[in-house]
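Protein chains: 2
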Amino acid sequence: MKDVFDYIDAHRQEFIERLQWLCRQPSIAAQNVGIRETAQMVAQLMEQIGVRPELYSTDGAPVIYGAVGNHSKTLLIYNHYDVQPPEPVEEWHSPPFAAEIRDGKLFARGAYDNKGHLVARLCAVEAWLRTRGALPLTVHFVMEGEEEVSSLHLHQFVRTHRDLVQADGCLWESGSKDIQENPMVYMGAKGILYLELEAHGANRDLHSSVATIVPNPAWRLVWALSTFKDRHENILIDGFSDDVAEPTAEEVEHLRRLAAGGNDDLRRRDLGIDQFLLGVTGIQLVKRNLFQPTCTICGFVSGYTGPGSKTVLPSQATAKIDFRLVPNQRPEDILDKVKRHLAQHGFADIQVRVLGMEHPARTPVDSPVAKAVVQTAKEIYGRDPLVFPLMPATGPMHELTAQFGIPTVGTGCGYAHSNGHAPDEHIRLDDFFQHMKHVALLLERFASADVPRASAS
Amino acid sequence: MKDVFDYIDAHRQEFIERLQWLCRQPSIAAQNVGIRETAQMVAQLMEQIGVRPELYSTDGAPVIYGAVGNHSKTLLIYNHYDVQPPEPVEEWHSPPFAAEIRDGKLFARGAYDNKGHLVARLCAVEAWLRTRGALPLTVHFVMEGEEEVSSLHLHQFVRTHRDLVQADGCLWESGSKDIQENPMVYMGAKGILYLELEAHGANRDLHSSVATIVPNPAWRLVWALSTFKDRHENILIDGFSDDVAEPTAEEVEHLRRLAAGGNDDLRRRDLGIDQFLLGVTGIQLVKRNLFQPTCTICGFVSGYTGPGSKTVLPSQATAKIDFRLVPNQRPEDILDKVKRHLAQHGFADIQVRVLGMEHPARTPVDSPVAKAVVQTAKEIYGRDPLVFPLMPATGPMHELTAQFGIPTVGTGCGYAHSNGHAPDEHIRLDDFFQHMKHVALLLERFASADVPRASAS
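Sequence lines, in order, name chains A and B.
Quick note: the first sequence uses my numbering, first residue 1, plus one each step.
Quick note: the second sequence uses my numbering, first residue 1001, plus one each step.
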């Protein structure tokens, strides 16, 4: 692989500039900012490496598809070009779309999630094509633009183009190193139900002196939420945990290894917290993070939130709630249960808006693509990667691959301080190039791996 | 009084422009915006009507004082030149500091609360001085700049200049007409304890996938608040209501009259609510509004509050809570009880910041100044005013007058839709001039009223 790696080393500056160029274009799915422009730029990047881009329109963001190679062995590579909102912008040390480089790190909303990965993988394929003239296997790129809003319309592409996504394995969008610099490899993903709850009071904000006699929607929402989850983290929505599957024996074995390799104290101190939630440590900490569903207040706003005091009775209160779901919970079912819960607890007045739904996905830990990723990670990073049987985050894995039985595995160029979804998101450029080489090596190894033809490709 | 009233009528346009000029200068105490500039402008207005302004500095906003007249009978007139924050600015139909006039209404933050009153009263004195050459009594103006932040430093002025505030009666800052256009007259004021509560989680916002293991400050704050007050509006803070005094027989008689004169349904429909809090009506509604203390969420913010979804675990959550206190509750005592409550319920981690404290104030319903205000209101408005034995809102009445036994009464130029503390705050210009004439007439009547020399002036 020396020729391919040398090509990568020789083009560092060019590849960095390519990533900066893409990061400087905002593509905020939640706010419908710059999505179409970014799709065109991604298509342009694909063309640049010698792969013909195909844009598939949906009712939301277009899906960019590209196929390269002429082999029956096929690797699907999934990425997304949309990013999270940059807010709170004032907490960034450089503007979120400036793509500033400081100390060998590229800071931008989307640098880690997911443009760094998207660009690194395109560059890995370019390195192969320019040095060897062809790939050793077929690669199908699927790049969507709504991952950060629960992949709202990806299913429209998948359902009408099943043939395009069939593969022997899938390289999932991203991955990271842990705080001890161990590379992490993920199988499976949690599902999600993202809701916006809204309570209303009077038809306008009022002087708070009438709070004696006019309902306060902020109180309504606080009371309603306090019935969702108690202080001991028990989710109180009737039937919420009915379909939660315990990890398999094999998965527990991986949890054990993860716990043995982890350093809870280091992680805890890094986050500036006295203890993890409920004081869990060791394997319980790992198990909770991977196999526990959540009910999280991601946002709450009502009334006056500026500096100092304002005596106002708010007319509206809004909360954003994210339920991360584990196998075999189903978002539609949880939505029904949340609505029923609100009605039964006297909160039928609270409006529920669905902002996203995704099924959890399980994918085997010992598939050929998983083995190839783990083996090549060891070679590139010089140490055994940590294998996560389920990813604590969410993605359209059920929709894109798991429902077709395509083994799927995530790995990538993040590290413990990449700040995904948070201010000062960034990647280290060294990680960017390591991941690029990792993917280049994976193409070679997976090409020669023995793969049973289980999927319907 | 024809000469004085004619003067007012002849100077309508000039007085409106004076009010616009003052309203166009922001003076947001909570954000420390424009306070000193506005103090200078108020001093200039005072000079313009022929009263020498004296600026008394405090550790906060300066107090502007002016004395005019050479009689022993003295009326203290209290106003403030600061305003509430204009947020949410996007809900205004004209910019909050444009002072735009539409349909005979002047729209501006502060138009009603309290610049309209401040200017109307100065103009009433001008009308007297220009037509008669002198006032029939002595007027002391006290205009402060921190009323909207619980008059944080007014006590510094009062304690060092007790002599300047002594009077036979006090005309309080403002007043309004009810939804049936009845003028309202207020005695007494609620107290306030305004707190900011803050909960902290990790040292930075995180991807919400770690909500399984990292504490969420938004949940902490929701749980803590849910222990403050239950859904039936019972305030659960131990000892909170210990010092709540029941209304006297005379006050109950006024409540009865208010209930008889009110139109609950009209008010309810105007606010767009199905029922008042807890379904109260009639005298219970009036009593609750005047004699019930409150615990109000005036603001709550945490995490992502923009459009669409963002899967973030917030690192901080902040709530602004306003406790309106009734006689004989004391803000210092309630603060102790809130802190003790948080500690006892396992929320010692939640930080408590005091943003304002004021004592409630009671002042007699049948004082000479009250009688003079009621009688002159009848003459100006052509109907009996509604007399409120306690004001549901708050002001530094204890500090400025009640502690010295100075009878105090509020009346003014607002109406049911003046939107104090809310977007599209405004006054009707006709109300502005009616109030001006009311004050001019009050000066004459109170000058000749029989006043026992109870106060230490």
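Using N, Cα and C, we set each Cβ at its ideal position, and we do this for glycine too.
For clarity, every value in this text was computed on a predicted model and none was experimentally measured.
Option nearest residue i by Cα separation, candidates the options
i: Trp-1128/B; options: Leu-1055/B, Leu-1154/B, Val-1083/B, Val-1051/B; result: Val-1051/B
i: Gly-1356/B; options: Ala-1120/B, Ile-1192/B, Arg-1012/B; result: Ile-1192/B
i: Leu-290/A; options: Val-1210/B, Asp-1349/B, Trp-1219/B; result: Val-1210/B
i: Glu-379/A; options: Leu-441/A, Val-68/A, Val-301/A, Thr-38/A; result: Leu-441/A
i: Asn-328/A; options: Gly-306/A, Gly-303/A, Thr-363/A; result: Thr-363/A
i: Glu-246/A; options: Tyr-381/A, Gln-284/A, Asp-238/A, Gln-403/A; result: Gln-284/A
i: Gln-1166/B; options: His-1426/B, Val-1312/B, Gln-1403/B; result: Gln-1403/B
i: Gly-1201/B; options: Trp-1219/B, Met-1184/B, Val-1185/B; result: Trp-1219/B
i: Asp-366/A; options: Gly-133/A, Gly-308/A, Ala-449/A; result: Ala-449/A
Alpha-carbon to alpha-carbon, residue j and residue i
i: Thr-160/A; j: Lys-105/A; result: 40 Å
i: Ala-1393/B; j: Leu-335/A; result: 42 Å
i: Asp-431/A; j: Glu-253/A; result: 28 Å
i: Lys-1310/B; j: Val-33/A; result: 14 Å
i: Gly-261/A; j: Thr-408/A; result: 23 Å
i: Gly-1272/B; j: Pro-26/A; result: 40 Å
i: Leu-75/A; j: Ile-1321/B; result: 56 Å
i: Leu-19/A; j: Ile-8/A; result: 14 Å
i: Leu-137/A; j: Met-436/A; result: 17 Å
i: His-1417/B; j: Asn-203/A; result: 12 Å
i: Phe-347/A; j: Phe-1276/B; result: 17 Å
i: Ile-1077/B; j: Ala-1010/B; result: 24 Å
i: Phe-157/A; j: Arg-1024/B; result: 55 Å
i: Glu-17/A; j: Gln-434/A; result: 17 Å
i: Phe-1446/B; j: Cys-1170/B; result: 11 Å
i: Val-1494/B; j: Phe-1323/B; result: There is no way to answer for residue 1494/B, as the model of chain B reaches only from 1001 to 1457.
i: Met-1397/B; j: Glu-91/A; result: 41 Å
i: Lys-2/A; j: Val-185/A; result: 24 Å
i: Val-312/A; j: Thr-212/A; result: 12 Å
i: Arg-330/A; j: Glu-251/A; result: 21 Å
i: Glu-1425/B; j: Gly-1116/B; result: 11 Å
i: Gly-1066/B; j: Glu-1054/B; result: 6 Å
Where residue i falls: helix, strand or coil (DSSP)
i: Thr-1305/B; result: coil
i: Gly-261/A; result: helix
i: Gln-316/A; result: strand
i: Gln-180/A; result: coil
i: Val-214/A; result: coil
i: Ile-406/A; result: coil
i: Thr-1376/B; result: helix
i: Thr-296/A; result: strand
i: Cys-1170/B; result: strand
i: Glu-146/A; result: coil
i: Glu-126/A; result: helix
i: His-421/A; result: coil
i: Lys-1310/B; result: coil
i: Tyr-112/A; result: helix
Sub-8 Å separation of residue i and residue j beta-carbons
i: Ala-1061/B; j: Glu-1148/B; result: no
i: Cys-1123/B; j: Phe-1015/B; result: yes
i: Ala-189/A; j: Gly-395/A; result: yes
i: Leu-1221/B; j: Ala-1317/B; result: yes
i: Gly-414/A; j: Ser-174/A; result: yes
i: Leu-1097/B; j: Ala-1111/B; result: It should be pointed out that residue 1097/B corresponds to Phe in this sequence rather than to Leu. It is not a contact, given that the beta carbons lie outside the stated cut-off.
i: Leu-195/A; j: Val-354/A; result: yes
i: Met-1187/B; j: Ala-1377/B; result: no
i: Leu-1255/B; j: Val-1286/B; result: yes
i: Gly-69/A; j: Val-139/A; result: yes
i: Val-89/A; j: Glu-144/A; result: no
i: Ala-259/A; j: Leu-1206/B; result: no
i: Gln-1351/B; j: Leu-1135/B; result: no
Cβ-heavy atom distance, residue i to the ligand GTP, below 7 Å
i: Glu-246/A; result: Because no ligand of any kind appears in the structure shown, any question about the ligand GTP cannot be addressed here.
Sufficient close CB pairs (3 or more, under 8 Å) joining the region 1229-1241 of chain B to the region 276-294 of chain A: Short answer: they don't touch.
Evaluate contact between the region 1038-1051 of chain B and the region 1096-1105 of chain B, counting only Cβ atoms and requiring at least three cross-stretch pairs below 8 Å. no
If we count Cβ pairs, one from each stretch, closer than 8 Å, do we get three or more for the region 171-187 of chain A versus the region 259-273 of chain A? yes
Could you tell me whether the region 148-157 of chain A touches the region 82-91 of chain A, using the rule of 3 or more Cβ pairs below 8 Å? Touching, yes, given that three or more Cβ pairs across the two stretches are closer than 8 Å.
Is there contact here, the region 339-353 of chain A with the region 212-228 of chain A, by at least three beta-carbon pairs under 8 Å? yes
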